[in-house]
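Enquirer: First residue of the sequence shown: 1177, per the numbering used here; consecutive thereafter. Even glycine gets a Cβ: it sits at the ideal position worked out from N, Cα and C. These numbers were taken from a predicted model, which means no experiment stands behind them. Sharing a structure with you now.
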Amino acid sequence: MVSIVGVTACPTGVAHTYMAAEAIIASAEEKGWKVTVETQGSLGIDNPLNNDLIKCADIVILSTDVAIKGEERFKGKPVIKAGCSEIIRSSKKLMDKIEAYMAKQSA
1177 MVSIVGVTAC
1187 PTGVAHTYMA
1197 AEAIIASAEE
1207 KGWKVTVETQ
1217 GSLGIDNPLN
1227 NDLIKCADIV
1237 ILSTDVAIKG
1247 EERFKGKPVI
1257 KAGCSEIIRS
1267 SKKLMDKIEA
1277 YMAKQSA
């Protein structure tokens, strides 16, 4: 089973941060994958990713339009970076790309 962790953050830290997180979660769960998304919004960090989640993740998605706290946690992991609007519009396409990448890795 594919395991994904992600972080979302937008300049105002309100709508797009949470909409992008919801899009990632819905699209990954549709494929039957394990997914956990941290949001860095106007109210601070919600659902923080712990080291075990990061260590077990196959892919990291950073859906950020601003700098995030703790990006160094993902060093050595495959990271996909995209803006929040792009993720909101195209999260299913992104999951298809991840699926193709994972197939190549296991071949």
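(1) Determine whether the beta carbon atoms of I1230 and V1213 lie at a separation below 8 angstroms.
(2) May I ask you to report which of helix, strand or coil DSSP gives T1193?
(3) From this set, E1198, M1177, V1181 and E1248, which residue's C-alpha is nearest S1261's C-alpha?
(4) Please report the straight-line C-alpha distance between V1242 and Y1277, rounded to a whole angstrom.
(5) Please look up how many angstroms separate the CB atoms of S1239 and A1191, rounded, as I've assumed it's under 8 angstroms.
(6) Should I1252 be labelled buried (16 or more other beta-carbon atoms within 10 Å of its own) or exposed?
(7) Terminal residues of the continuous beta strand (DSSP E) containing S1239?
(8) Roughly how many whole angstroms lie between the Cα atoms of P1254 and V1181?
(9) So D1234 and S1282 are supposed to be a Cβ contact under 8 angstroms. How far apart are they, rounded?
Expert: The answer reads as follows:
(1) no
(2) helix
(3) E1198
(4) 26 angstroms
(5) The Cβ separation is near 13 angstroms, so there is no contact.
(6) Just to set this straight, residue 1252 is Gly in the shown sequence, not Ile. Under this definition G1252 is an exposed residue.
(7) I1235 to T1240
(8) 11 angstroms
(9) 10 angstroms between Cβ atoms; not a contact.
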